[in-house]
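For the sequence shown, the working numbering assigns the number -12 to the initial residue and increments by one for each residue that follows.
Before any comments, here is the structure.
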Amino acid sequence: MTDDADPFDPGERRKATLIRTTPFQRATSGVIDLILVALAFWVLSGFFGALAWAVVLAIATWPLYERFQSLFDEKRRRTLPAILFTLIVALVFIVPFGVAVTEAFREAKGVTHWIGEAEKTGVPVPAQIEALPMVGARIAGWWTANLTEPGAITDLLGRTDTGKFARITQEIGVIIARRLSLFLFTALTLFFLFHDGVTLAKRFQRACHRLMGEPGEHLVTVVVSAVRSTADGLVLVGLGEGAVIGISYEIFGAPHPALLAAFTGLLAMIPFGAPIIFTLASAVLLVTGNIFGAIGISVVGWIVIGIADHAIRPALIGGAAKLPFLWVLLGIFGGLETFGLVGLFLGPAIMAAFISLWREWTDPVPRRLTQKAG
-12 MTDDADPFDP GERRKATLIR TTPFQRATSG VIDLILVALA FWVLSGFFGA LAWAVVLAIA
48 TWPLYERFQS LFDEKRRRTL PAILFTLIVA LVFIVPFGVA VTEAFREAKG VTHWIGEAEK
108 TGVPVPAQIE ALPMVGARIA GWWTANLTEP GAITDLLGRT DTGKFARITQ EIGVIIARRL
168 SLFLFTALTL FFLFHDGVTL AKRFQRACHR LMGEPGEHLV TVVVSAVRST ADGLVLVGLG
228 EGAVIGISYE IFGAPHPALL AAFTGLLAMI PFGAPIIFTL ASAVLLVTGN IFGAIGISVV
288 GWIVIGIADH AIRPALIGGA AKLPFLWVLL GIFGGLETFG LVGLFLGPAI MAAFISLWRE
348 WTDPVPRRLT QKAG
């Protein structure tokens, strides 16, 4: 470095580093780098969930974002599309949540009115409960002792621990506030990923290349493909299951078919999750005496699950990521157990990266040698 050079200029510092660093200085620099990376991870540890969701959403929706971005002219192509598309993605989550809250309040009013009427007259035992095999007589006996007399509901509710309900309500409020803050942070991070995604992707790919060479770049491609195919296989197939089974709710007379369809689509994003909802819907119809409707919903539900979870979903997820179906399931359920909901997408991506490394290690001729020879 010359005497008149700026000591804080990055270019000059890099030249000096390349020329004058000693082994001790390089070792010290490596230790400091590791400390800084560890500190950065420690500072961000409370936001890993939001960051992971933002990265998953950005990867999954990037092809759609590129098409959306092409609708704008060159001057506005960077910032305005990022803002608008982030709002669109946020609304995809906000609107269903708002509908669910509205329906919950509406149902709460209905339940309150029903409790008021039942308080005056009591609740007679439904004939369908007495007709249930094995457990019908026992349930009917409990019902008669606790619900048939006027005022019985007040006595039953009065025996509950109201303090416990208050604590649960307070905890739910804290959880909702924290989830809302994480959602806002996710949306903010998603905007910057859309805004600077190309630059960040190039830098990340360059870093992987420096760490691992060409296999590192291949690994990035595998992970991105796994996240995108998992999003297609879980979200799109889940929504399709919810729509088709929702039609059966309407046809066979299930109560609140739209709400049931929404919950079915939500749980259908987890393999074998949809049966929880349509089985409950069938049970409700069975208790109310609509045996034909209960059977119809069950038959339609299991046919849809059989086709979607055993044919379409494995082809979408395993085909693009080149994962056997067993590893797809292990990735989904293992990721869900380890990372929560975001693990639905991270699990298959991690499994795809692991399988890619395994194939790299166990190939008779390593991929990197094949590429050099070609």
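Positions of the beta carbon are idealized from the N, C-alpha and C atoms, including for glycine.
The structure presented is a predicted model; accordingly, all values stated were derived computationally and were not measured.
Check the Cα spacing between MET256 and each of ARG65, ALA230, PRO202, LEU175: the tightest is with ALA230. Apart from sequence neighbours up to five positions away, the residues of its chain that approach VAL76 with a beta-carbon distance below 7 angstroms are LEU44, THR48, LEU177, ordered along the chain. Counting only the Cα atoms, GLY184 lies some 15 angstroms from PHE55. Of the candidates ARG64, LEU21, GLY36, the residue whose Cα lies closest to the Cα of LEU331 is GLY36. Boundaries of the alpha helix (DSSP H) around ILE294: 278 to 294. With contacts defined by Cβ atoms closer than 8 angstroms, ILE290 and TYR236 do not form a contacting pair. Take PRO301, set aside five residues on each side of it, and the residues of its chain with a beta-carbon closer than 7 angstroms to its own are PHE312, VAL315, in chain order.
The C-beta separation of ILE46 from VAL222 comes to about 13 angstroms, leaving the pair out of contact by the 8 angstroms criterion.
When secondary structure is reduced to three states using DSSP, MET199 falls in the helix class. In this structure, ILE264 lies near LEU254, with their beta-carbon atoms less than 8 angstroms apart. In the DSSP assignment, GLY225 falls within the unbroken alpha helix (DSSP H) covering 224 to 238. Residue environment for GLU324: exposed (fewer than 16 other C-beta atoms within 10 angstroms of its C-beta). Rounded to the nearest angstrom, the gap between the Cα atoms of CYS195 and LEU273 is 57 angstroms.
Excluding the 5 residues flanking it on each side, ALA295 has same chain C-beta neighbours closer than 8 angstroms at VAL224, GLY227, GLU228, ALA255, in chain order.
The shortest C-alpha to C-alpha distance from TYR52 to any of ALA39, GLY327, ALA188, PRO68 is the one to PRO68. The residues ILE232, SER235, in chain order, have a CB closer than 7 angstroms to that of VAL287 in the same chain once the five nearest residues on each side in sequence are set aside. For PRO262, the uninterrupted alpha helix (DSSP H) run begins and ends at 262 to 274, by DSSP. Put simply, of ILE292, PHE250, GLY33 the residue whose alpha carbon is nearest the alpha carbon of PRO258 is ILE292. Three or more beta-carbon pairs separated by less than 8 angstroms link the stretch 166 to 182 to the stretch 57 to 72, which places the two stretches in contact. Residue LEU344 holds the alpha-carbon nearest to the alpha-carbon of GLY203 among VAL271, ARG13, ILE162, LEU344. Around the Cβ of VAL214, a 10 Å sphere holds 16 or more other Cβ atoms; the residue is buried.
Around the beta carbon of PRO244, a 10 Å sphere encloses 16 or more other beta carbons of the protein chains shown; the residue is thus reported as buried.
About 14 angstroms separates the beta carbons of PHE80 and PHE172, which is beyond the 8 angstroms limit, so they are not a contact pair.
With a cutoff of 8 angstroms on beta-carbon distance, LEU310 and ILE319 are scored as not near each other. For VAL24 and ARG197, the gap between their C-alpha atoms comes out near 17 angstroms. Straight across, the Cα-Cα distance linking ASP60 with HIS182 is about 15 angstroms. Contact annotation: LEU38 and LEU31 have beta-carbon atoms nearer than 8 angstroms.
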